[in-house]
Every structure is written in structure tokens, then in C-alpha cells.
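In the working numbering, the protein residues as written are 6 to 111.
Using N, Cα and C, we set each Cβ at its ideal position, and we do this for glycine too.
Structure first, commentary second.
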Ligand SMILES: [Zn+2]
């Protein structure tokens, strides 16, 4: 598995975990709503929900980033800065496999 594929795989797994957590939270909420609306537990659920939603958006963004990068691999443009057209250093791609720009163009 390439670094990029591993990067994509990690994002996909994270997304699946978050989706499972959100599903569990949704179920807990359904039970909670039947209860008193002013239950302090309700606000905890709401804050968990907004935190998980944020994490989900991040995982999804990483997944899309990885997919875009894989398309660039297929097109033969992977590793080339989209701004200046120079080669993105391998060290940078090792840290950010889906990077689209070189360090100078960030
Ligand atoms: Zn550049």
C-alpha cells in the first residue's frame, strides 16, 4: 500500500468509526428526547454531536483530498505543485501525501 493509499485508508476507517459513533448517539438521543428536555444529559449529547460532526467533516475532507491525489497519480500529475508546477519534495509528500503545493506555494 502506498503512503497515499494508507492515508486514504486511515481516513475511510476514521469516517466509519465516527459514523458508528454518530449512529449510537442518534439512538441515545431518540431515547433522551422521550425524556425530560431539560435533562442535563441532553446538552452533553448535543456537544458530543457537534464535536463528532466536526471530526466527520475533517475525515471526509481528508478522504476527498486523498481521492483527488489518487486521480492525480492516475493522470501522472501527482507530486507536482499545482501553483508553480515544480516537483513537491518527497519529504513533504511523506508528511502530507495529498499535498497539492510545494512548501513555497503554501
Ligand atoms: Zn509551488
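Spatial neighbours of residue 67 in its chain, beta-carbon cut-off 6 angstroms, leaving aside the 5 residues before and after: Cβ within range, chain order: 16.
Sufficient close CB pairs (3 or more, under 8 angstroms) joining the region 48 to 59 to the region 18 to 27: Segment contact: the region 48 to 59 against the region 18 to 27, three or more CB-CB distances shorter than 8 angstroms; contact assigned.
Any chain B beta carbon closer than 7 angstroms to residue 15: Structure shown: chain B not included; a single protein chain is present.
Alpha carbon of residue 72 to alpha carbon of residue 50, nearest angstrom: Their Cα atoms are separated by approximately 32 angstroms.
Ligand 1 heavy atom lying under 6 angstroms from the CB of residue 31: Checking the Cβ of residue 31 against ligand 1 gives no.
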